[in-house]
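Asker: Just so you know, we're using the working numbering here: the sequence shown kicks off at 5 and counts up by one.
Quick reminder that beta carbons are idealized off the backbone N, C-alpha and C, glycines included.
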Amino acid sequence: MAIRVIIADDHPIFREGLIRVLSDASDFELIGSAKDGAQAYELICDRKPDIVVLDISMPKMNGLEILKKIRQNKPPVKCVILTMYRDEEYFNEAMDLGVRGYLLKENAVSEFIHCLRKVSQDRYFISSEISEYLVNRNENLKTLQKEHPALQKLTSMERRILKLVAENKTSQEISQELFISYRTVQNHRNNICNKLGFKGHNKLLQFALEHKSLL
Numbered sequence: 005m006a007i008r009v010i011i012a013d014d015h016p017i018f019r020e021g022l023i024r025v026l027s028d029a030s031d032f033e034l035i036g037s038a039k040d041g042a043q044a045y046e047l048i049c050d051r052k053p054d055i056v057v058l059d060i061s062m063p064k065m066n067g068l069e070i071l072k073k074i075r076q077n078k079p080p081v082k083c084v085i086l087t088m089y090r091d092e093e094y095f096n097e098a099m100d101l102g103v104r105g106y107l108l109k110e111n112a113v114s115e116f117i118h119c120l121r122k123v124s125q126d127r128y129f130i131s132s133e134i135s136e137y138l139v140n141r142n143e144n145l146k147t148l149q150k151e152h153p154a155l156q157k158l159t160s161m162e163r164r165i166l167k168l169v170a171e172n173k174t175s176q177e178i179s180q181e182l183f184i185s186y187r188t189v190q191n192h193r194n195n196i197c198n199k200l201g202f203k204g205h206n207k208l209l210q211f212a213l214e215h216k217s218l219l
């Protein structure tokens, strides 16, 4: 059974080029293409692809904004980001949001199918030119875990809340996103502070913002 793919890019020539490349691979089936982020997200919800390929910079909704909506609403889709930018901050944000593939546009034609096949196997694909970003991320994560070993003792809910704190969201906003009470969020924040040895929520916020890309 072919793996179902949606491609979203606001540059029609580039988008059509990827579609042609995909058409030569019998193990994939194009089920939709989009010229902007809003259309892409609508297609994702309507057609439920196995993989969606997103340009990081699109009108109406960019690739990272779509990743955030996917994380919030949890449609079962694997995501690949396309970008012309060698920007480590973009890379880390995409990884934080659960992206499986990160593909530079300059290599897209030659690496596209290989990337999709890896992602379809629940593996990761990062363009070789920016693989150092992944190395840096892993090294920084090891350093953070060594300095704060209690991070590994956080529950899954505590880790979710810590990530949302790192997005500078208030307890009220977190409660609405996670469908739990404000008081429950406050209790979790207190537990996180106790485990990490922080005195007060301000210290927790400072820590979360500083290490946002690693939490």
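Assuming contact is defined by CB atoms lying nearer than 8 Å, are G105 and V123 in contact in what I supplied?
Answerer: In this structure, V123 lies closer than 8 Å to G105 by Cβ.
Asker: Leaving aside the five residues before and after D100 along the sequence, list all residues of the same chain whose C-beta is less than 8 Å from its C-beta, in chain order.
Answerer: Around D100: K167, K216, S217, L219.
Asker: Report the rounded CA-to-CA distance for Y137 versus E92, giving the unit in angstroms.
Answerer: Cα to Cα, the separation comes out at about 6 Å.
Asker: Run through the DSSP bridge pairs and tell me what F129 is partnered with.
Answerer: Paired residue(s): G105.
Asker: Please determine, among R141, N194, L213, T159, the residue with the shortest C-alpha to C-alpha distance to N172.
Answerer: When only C-alpha atoms are compared, the closest one is L213.
Asker: Determine the closest residue to K52 out of M161, K78, R164, with distance taken between C-alpha atoms.
Answerer: Measuring from the Cα of K52, the nearest candidate turns out to be K78.
Asker: Could you tell me which residues DSSP pairs with D59 in its beta bridges?
Answerer: In DSSP, D59 forms a bridge with L86.
Asker: Look up S124 in the DSSP assignment and say whether it is helix, strand or coil.
Answerer: Residue state, collapsed to three classes: helix.
Asker: Under the assumption that E133 contacts L108 (Cβ atoms under 8 Å), give the Cβ distance between them as a whole number of angstroms.
Answerer: With a Cβ gap of about 6 Å, E133 and L108 count as contacting.
Asker: Determine whether the beta carbon atoms of E151 and I196 lie at a separation below 8 Å.
Answerer: No; because the gap between Cβ atoms is not below 8 Å, this pair is not in contact.
Asker: Could you name the residues of the same chain whose beta carbon sits closer than 8 Å to that of V81, not counting the 5 residues immediately before and after it, in chain order?
Answerer: So the qualifying residues of the chain are I48, K52, P53, D54, I55, V56, I74.
Asker: Give the DSSP bridge partners of S37, in chain order.
Answerer: Per DSSP, I11.
Asker: Taking 8 Å as the limit between beta carbons, can you name the residues of its chain near A232, skipping five residues before and five after?
Answerer: Residue 232 is absent from the model: the chain starts at 5 and stops at 219.
Asker: Excluding the 5 residues flanking N111 on each side, which residues of the same chain have their C-beta closer than 6 Å to its C-beta?
Answerer: So the qualifying residues of the chain are S131.
Asker: Specify the secondary structure class of F202 as computed by DSSP and reduced to three states.
Answerer: In the structure shown, F202 sits in coil (DSSP, three-state: anything other than H, G, I, E or B).
Asker: Does the separation of the CB atoms of Y45 and I70 fall below 8 Å?
Answerer: Yes, the Cβ-Cβ distance between Y45 and I70 is below 8 Å.
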